[in-house]
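Undergrad: Chains as they are written, first to last, in our numbering: chain A, 267 to 709; chain B, 267 to 709; chain C, 32 to 513; chain D, 32 to 513. All residues carry an ideal CB built from backbone N, CA and C; glycine is no exception.
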Ligand SMILES: Cc1ncc(COP(=O)(O)O)c(C=O)c1O
Ligand SMILES: Cc1ncc(COP(=O)(O)O)c(C=O)c1O
């Protein structure tokens, strides 16, 4: 076994030092009746070459872009990732390190996380961002929990246009907390009904996603004002962070917490994971944040350096009094993101965001022209809802055979949205791809 | 342009320092009538994404293994390369350095070349090996030249079973040297006719390849004895270095020079290049060797380290008196080889060589059983010649459609060898692959 | 003894201390559509990111990387973290375009490869743990704990009476009590016995009908097998409680003990530890949860099932606790762990045996040099402390910092809390005897220095590019963005 | 000014000082055939390689790599070597399985992608050089020189009278005279004028009917454009000679001058320099040769042609010099250069302009600090020397070694030979103004140190893991294997 360096002689010599007669003997403290009497029933080891073949076959079975033209978004976005990102991420010293417990030999990790915190805080317009959370959904769940707890209130109001997958996570997380999650309905314009907050009492936090699941931009400032009025925090969620290259950031619109997904920023889709939960807050709230924070300091010689800080919020110090149980986070994904953000740059991210917008608008416009209904007039970014005629599901299947995935059928998530599809267009799809789709749909 | 860091302001400021009015102005010393008056007529720049698409398409058009089952050898061999090889070779510090002119910051390169020299010298059984030559053919050509020059003789005798591509290189190289290349005919057993040397005079060097182009092992010791008798050097060539994991090394059989190809040792086939010329000699002849040599030394503190040495053979010191004009060599390929050899190990290389042998013998045996003729009875390694019945070329074409490349037709290289094919089987082909081939041929 | 050298390491500023407006390291795809009008009131300023060329980006991160120490640099015996070698072939598999560019909401028929891998992984982990059902969704160990504890919560709810407490041993990892609270339970802290593990009596004394169960790490964080585990499980079960098995230390016992065979009801695994997946800088992880039959109905959705030869995602499970991930978990991490399991097969047992051999070898070799509170055969790790060095005013931390000068990553310090000044060493099976011998020699040399020249240790590290960093002032006036 | 630090760099023994028999880092494929009998008299002992585990191999080479300085580490202004940034996307393209696993003798119909790339590359290089035919076969610059000179030899042979000499300027790279001799010609050495380039009179004086031609590097190795190139070519042509153009310095003049337009008959390009392909540690390179119409018949075989929409290898060219490579040249290198050209397109000219701008910026900025023998507008590089420092007994070498302490790779030293103590600086276009400013500041600081504290320089480098190495004893008693 090429990963196991022990020769029979090594094992013999070491057993002798240890005073054991055999490898089995090492487990003498385990009661015999607790031990497995047979070999594990697993497939026999594959050689590296057999493994390559198996994996190639499995990978080839996937309807991935660019083989397929995939008009899916809904929380996972196909963006171009420069080859420098996997190259730099692949550096042994980044990949095979762990939590930077020893800052003197972890400044590579520590500086990139500090840079990540900084760039993400700029993108989201918020004071502080943690070193990462599991994903947008868990970031949202944890921030809602913290918000309600610190407000000592029992109701979390959540827009029904928060990504349905995230809302399912909230449901799970809140089951045993004693906090009620109340959903805010949406309006015919594809935005959350702000007025629905009026009727609610004991609200500790309000969560709104913008762009929301229908792709529409919400009036975050309106929600912030109303939430604050009611003594609640506004938590701004998002699944497509690239939107803030073009549109106002959530922080600039009064959000107290931001909690969303950063996969768009250089993390491959990879069938949904690992992803990159982004979680931040205003400065006042920093000591409530769950998860790691990296701070600037100096070493004994006065040289600038970075360390993990404010760890008294964390489980390894505070145990049951910690603000969260999170331990491992998504560090390599945050590395991808900071390399990506550095590569795209301030000028580039705006142009890229604009291009996403323009492409999606092109498809939207052409669909409209072709007579399909765009039910919501609200401003969108790179996703929007279209209503196709009854029976479109057959066309959808036919398109799959032509290697086109024509958006996400919404009826599974919103039963009232029969024949509605959520379409996403990023910079990876060309006008020709869209025209192909349009041609197929119209025919 | 993402590779060009200059902003317009940078250019402005720098032009000012330089005292030029424009970028064009920088070329003022070039006579105007020498300058190109138009833009280069090249395709417009592709984005990284367009480039990816283009390259994916071109790569997909290739009949490469494992998509195809390729029974070709003849100087380029398909061997498994562990994923650690490209990973480690890809380290920036290896890839983006150059010739180790500054040994204090080049010990990574210098130590791996020293290790390469050592492991290759063990494999070939010869005292000294250079840091690499372009490929087996040029290594052979240069060693023949050196040998004849240092013997001050005018004839180089070369086996007709040296790889025909190499012999063509010899022909080209020797055109302007005043040295005659005489070919030694081959015998019915698939080996070179040793007795043909008898008739030759003024021979400075004898070149024999083993395993030879027909895959047969030559009697190198016999050639060494006879060459030395005649006052000539024996140069042992080879294209499949893996053979020496199993069979006697050329150095151990009296060769004065070894010159061949190391592509087998972890270098991808890559449509034939870059490859890895291996070139070595006995210790006495080291000062005649062309190309780089790395030697052990110490630094000012007595710490072991490595430097380029014996550079007085090289063009940058000796200019017209140099033993060769070689400057850049195949260093990254030698890095691949040393990682590969370290990975396979002494135990592994023997087993791997034996497996290659056994697989080739299986196919040979089955072909024989099926009634096809194996014209040469001499011991082979992983390549051998088979004679198919008249009209097999149609079957060959049919097999291509079934994604099988059934060896190399020899008639192009040896007109007398109609319907003869050179078959190669490495560890990458399975019994099933061979049985498929057999099934197709027999039907 | 290993000798290290200092050498040139390049400095590098922060990203925004570099670059100039107008540079870029990213190609904007050609514009093939017209610019569309925009509601200007919604438009922001865009983030104030630096603009860098590709060369600047590459050098920046290459230089940063050289300031780090990883498993590929050398021995990294960070206790409780199983810093084993991360096979390079797994990275190859995980970077295949078919996987990398796969959208998680692709129709099942168009993602059979991914689903097959996930399905088989569920099966393999079930076999390794001896459990009946597996979810691959949790993003890390702590997330697995939460998922598992929520299932216990749901189980009790379904059985008509919710409970309020969960028993937590003093050796537990910090995530255990934190998880307990997150799931609405109060932790009941219990202490291990003088041998370093739990006595049945201790549990007997606190287990009652208001207690939802216990969370036990086994082997525990002292590196010791909980010898009374079976008995304890019986006690907990007898009062209607459930046993949560923290399987983060599974690297000690693969193929030796299956938690499902000895009384565990729910457990998590840390794929990023036991199953070799890299988690550079702190993650990503993957913390699958395995459960016994009774708890299968509560598993999170979606689950991967095989029906009529087709793999599908199933989410109509009425008793399920719901979803804990937007999609199917850390797919790319699971894929690497899958590649590892396919490479190892039943030899996983040998990996555990050698991990335990390595830990015991270190324990025996260093026990005269460092104080060993619990002198018993250990599993995958052993825990020393700095009692011998106290007289020289040398601490665990000082020795760790000195170890850096010797070119090793230090062990985990000051955890588990039950050992004062703990030095928690987990070598893992991928270290050779020579590596261990060098590491042991280094500790011995340092212990000698502690006697003869303690200043060397107080002053350490000296060979690293940074000396000790001021953590106090970092926390007092936090500067978290630049 | 750039500040560097020393830091931990790990030591690492030689491969055979590690490992133990029986380890391996390579999976032997499953044996699916019987062992076959063998003629034992032919069987050898097998090489005495060490046996290492995968972890040992990985750590070995990772550690070795950290002792190196590359372009990805920082500025690498090695004159005559064009150490520009090596784009990472090119590595991605070159690692595609379809290319990597392609056998060079595949039938043409089954290798259209590779052939198309090669064909287009021939076309692009023809356009860039202004020449009529291109061969991609030569493995490096020197190999290209030889190929080109052999074509000149064949040309004269075909024209009925072989010649005996070739003119070589004193600024020539060492490969030029060495090549000349290899091809059976005697070099006639000529000197450049006081301005650093060739005077027509000099050539006029030596060119005769026994002279096969001239080899000219342009821009020459002083970084100067040969202003009389056209005139010189005329002189050579008028005597029936041919002009070999060493295009290794093409990075200065892409899109500005096409050698084919100004009198060159044959030339080579260094793809591994001008066209950005990595050549770590010394190679691999690729040295395509381009020729004018008259020489096309002599191009080596095989040539890549397009016939009826199909790309083919053609080798029935009766006048061809034959083959210089077993197959089609450094395919994988050419592929990266192709990717670079497709990425740059006509902007190659901008790359040259900025390369020249950078060199002139350094020249102007350092010319008070270092002595500049030829103070003229330079092309892609500039050549200083150590005359100013002589009084302090400080040499070019001392300053270079000190530069290492400052975190820079030094320039080329002591070449070209026409400048005593030459300091040959080629920044390339991928260095930013900030990079250059730091480099300039470092040289200024060092020049100051040369005055005030020359010991610092004699003693340098001090920050590197190794101090100066003893090259003399290495050559006196060569130890070339371990
Ligand atoms: C015993 C134990 N339990 C739980 C965890 C938490 O796992 P994770 O960091 O993946 O959340 C760890 C991690 O160190 C651990 O060692
Ligand atoms: C001017 C000049 N000519 C020729 C060469 C030789 O090129 P190569 O090293 O690729 O053989 C070089 C390389 O440095 C050079 O600078």
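1) Looking at ligand 1, does it come within less than 8 Å of residue 199(C), judged from the CB to the closest heavy atom?
2) At a threshold of 8 Å, does residue 593(B) count as lining ligand 2 (C-beta to nearest heavy atom)?
3) Could you spell out the range, first to last residue, of the alpha helix (DSSP H) harbouring residue 112(C)?
4) Compare the C-beta of residue 269(A) with all C-beta atoms of chain D and state if any pair is closer than 9 Å.
5) Let me know the alpha helix (DSSP H) ranges lying completely inside the stretch 91 to 147 of chain C, each 4 residues or longer, listed in chain order.
6) Within 10 Å of its beta-carbon, does residue 361(D) have 16 or more other beta-carbons around it, so buried, or fewer, so exposed?
7) Closer than 8 Å by beta-carbon distance: list the chain A residues that pair up with residue 549(C), in chain order.
8) Could you please give me the residues that DSSP links to residue 570(B) through a beta bridge?
9) Which complete beta strand (DSSP E) runs does the stretch 330 to 368 of chain D hold, if anything under 3 residues is left out?
10) Going along chain D in order, which residues have a C-beta closer than 7 Å to the C-beta of residue 202(C)?
11) Taking the alpha-carbon of residue 237(D) as reference, which of 210(D), 219(D) and 254(D) has the nearest alpha-carbon?
12) In chain B, what lies closer than 7 Å to residue 384(D) by C-beta?
13) Quick one: which chain B residues come within Cβ less than 9 Å of residue 123(C)?
14) Starting from the beta carbon of residue 596(B), find every residue of chain D whose beta carbon is closer than 7 Å, and list them in chain order.
15) Against chain B, which members of the stretch 79 to 110 of chain C pass a CB distance test of less than 7 Å?
16) Provide the residue span of the beta strand (DSSP E) that contains residue 268(C), from first to last.
17) Is residue 304(D) near ligand 2, in the sense that its beta carbon is under 8 Å from a heavy atom of that ligand?
18) Would you call the stretch 413 to 433 of chain D and the stretch 323 to 330 of chain B touching, i.e. three or more CB-CB distances under 8 Å?
19) Output, in chain order, the set of chain D residues within a Cβ distance shorter than 8 Å of residue 496(C).
20) Per DSSP, what kind of secondary structure is residue 220(D) in: helix, strand or coil?
21) Between the Cα of residue 435(B) and those of 353(D), 150(D), 470(D) and 275(D), spot the shortest distance and give me the residue it belongs to.
22) I want to verify the contact list: residues of chain A whose CB lies under 8 Å from the CB of residue 364(C), in sequence order.
23) Is residue 301(D) near ligand 2, judged by its Cβ being under 8 Å from some heavy atom?
24) Please classify residue 392(A): is it buried, with 16 or more other beta-carbons within 10 angstroms of its beta-carbon, or exposed?
25) What are the start and end residues of the beta strand (DSSP E) that includes residue 455(C)?
26) Along the alpha helix (DSSP H) that carries residue 419(D), what are the first and last residues, could you check?
27) Sorted by chain position, which residues of the same chain lie with C-beta nearer than 6 Å to residue 339(B)'s C-beta, five sequence neighbours on each side aside?
28) At least one CB of chain B closer than 9 Å to the CB of residue 32(C): is that the case?
29) In chain G, which residues lie with their C-beta within 7 Å of the C-beta of residue 147(D)?
30) Identify the contact partners of residue 314(B) in chain A, using a Cβ-Cβ distance below 8 Å as the criterion.
31) Using a Cβ-Cβ distance cut-off of 9 Å, determine whether residue 273(B) contacts chain C.
32) Which partner residues does residue 675(B) have in the DSSP bridge list?
TA: To lay it out plainly:
1) Position 168 of the third chain holds residue 199(C). False, no ligand heavy atom lies under 8 Å from that Cβ.
2) Walking along the second chain from the start, residue 593(B) turns up at place 327. Answer for residue 593(B): yes, Cβ within range of ligand 2.
3) The count along the third chain starts at 1 and reaches residue 112(C) at position 81. Per DSSP, residue 112(C) belongs to no alpha helix (DSSP H) and is neither H nor E.
4) Here residue 269(A) is taken as the residue at index 3 of the first chain, counted from 1. Taking Cβ atoms only, chain D reaches closer than 9 Å to residue 269(A), which makes this a yes.
5) Within the stretch 91 to 147 of chain C, the complete alpha helix (DSSP H) runs of at least 4 residues are 119 to 125 and 128 to 131.
6) Translated into the one-based positions of the fourth chain, residue 361(D) becomes position 330. Looking at its Cβ environment, which holds 16 or more other Cβ atoms inside 10 Å, residue 361(D) is buried.
7) This structure cannot settle anything about residue 549(C), because the visible part of chain C is limited to 32 through 513.
8) Taking the first residue of the second chain as position 1, residue 570(B) is located at position 304. According to DSSP, which records beta bridges pairwise, residue 570(B) is partnered with 564(B).
9) 334 to 338 and 341 to 345
10) For the purposes of this step, residue 202(C) is taken as the residue at position 171 of the third chain. Result: empty, since nearest Cβ-Cβ is about 30 Å, beyond 7 Å.
11) As a first step, residue 237(D) must be located in the fourth chain, where it is residue number 206. Nearest of 210(D), 219(D) and 254(D) to residue 237(D), Cα basis: 219(D).
12) By one-based count along the fourth chain, residue 384(D) stands at place 353. The answer, in chain order, is 289 and 292.
13) For the purposes of this step, residue 123(C) is taken as the residue at position 92 of the third chain. Chain B residues near residue 123(C): 349, 352 and 353.
14) For the purposes of this step, residue 596(B) is taken as residue 330 along the second chain, with counting starting at 1. Neighbours of residue 596(B) on chain D, chain order: 314 and 315.
15) 84, 85, 86, 87 and 93
16) Walking along the third chain from the start, residue 268(C) turns up at place 237. Looking at the DSSP string, residue 268(C) is not in any beta strand (DSSP E); the run it does join, the alpha helix (DSSP H), is 260 to 269.
17) In the fourth chain, counting from the first residue as 1, residue 304(D) sits at position 273. Remark: the shortest separation between the CB of residue 304(D) and any heavy atom of ligand 2 falls under 8 Å.
18) no
19) Working through the third chain from its first residue, we reach residue 496(C) at position 465. Within chain D, the residues near residue 496(C) are 36, 37, 38 and 39.
20) In the fourth chain, the residue the question calls residue 220(D) occupies position 189. In the three-state DSSP reduction, residue 220(D) falls in the strand class (E or B).
21) Against the second chain, residue 435(B) aligns to sequence position 169. Taking only the C-alpha atoms, the option nearest residue 435(B) is 353(D).
22) Looking up residue 364(C) in the third chain gives position 333. Residues of chain A with a Cβ closer than 8 Å to the Cβ of residue 364(C) are, in chain order, 539 and 540.
23) Position 270 of the fourth chain, counted from the start, is the residue given in the question as residue 301(D). Yes; taking the cut-off as 8 Å, the Cβ of residue 301(D) has a heavy atom of ligand 2 nearer than that.
24) Indexing the first chain from 1 puts residue 392(A) at position 126. Flag for residue 392(A) reads buried.
25) Working through the third chain from its first residue, we reach residue 455(C) at position 424. Residues 454 to 456.
26) To locate residue 419(D), count along the fourth chain from 1; it is residue 388. Unbroken alpha helix (DSSP H) run through residue 419(D): 418 to 421.
27) Working through the second chain from its first residue, we reach residue 339(B) at position 73. Cβ neighbours of residue 339(B) beyond the five flanking positions: 649 and 690.
28) Residue 32(C) sits at position 1 when you count from the first residue of the third chain. Unreliable positioning characterises residue 32(C) in this predicted model, as indicated by a pLDDT of 39, which lies under 50. The coordinate reading is nonetheless provided below. Closer than 9 Å: no.
29) Judged by its chain identifiers, the structure shown contains no chain G, and its protein chains are A, B, C and D.
30) Stepping through the second chain from its first residue, residue 314(B) is reached at position 48. Under the 8 Å cutoff, chain A gives 346, 348 and 349.
31) Locating residue 273(B) in the second chain gives position 7, where the first residue counts as 1. Under the Cβ distance rule, residue 273(B) counts among the residues neighbouring chain C, one pair being separated by less than 9 Å.
32) The residue given as residue 675(B) occupies position 409 in the second chain. In the DSSP output, where bridge partners are listed per residue, residue 675(B) has 687(B).
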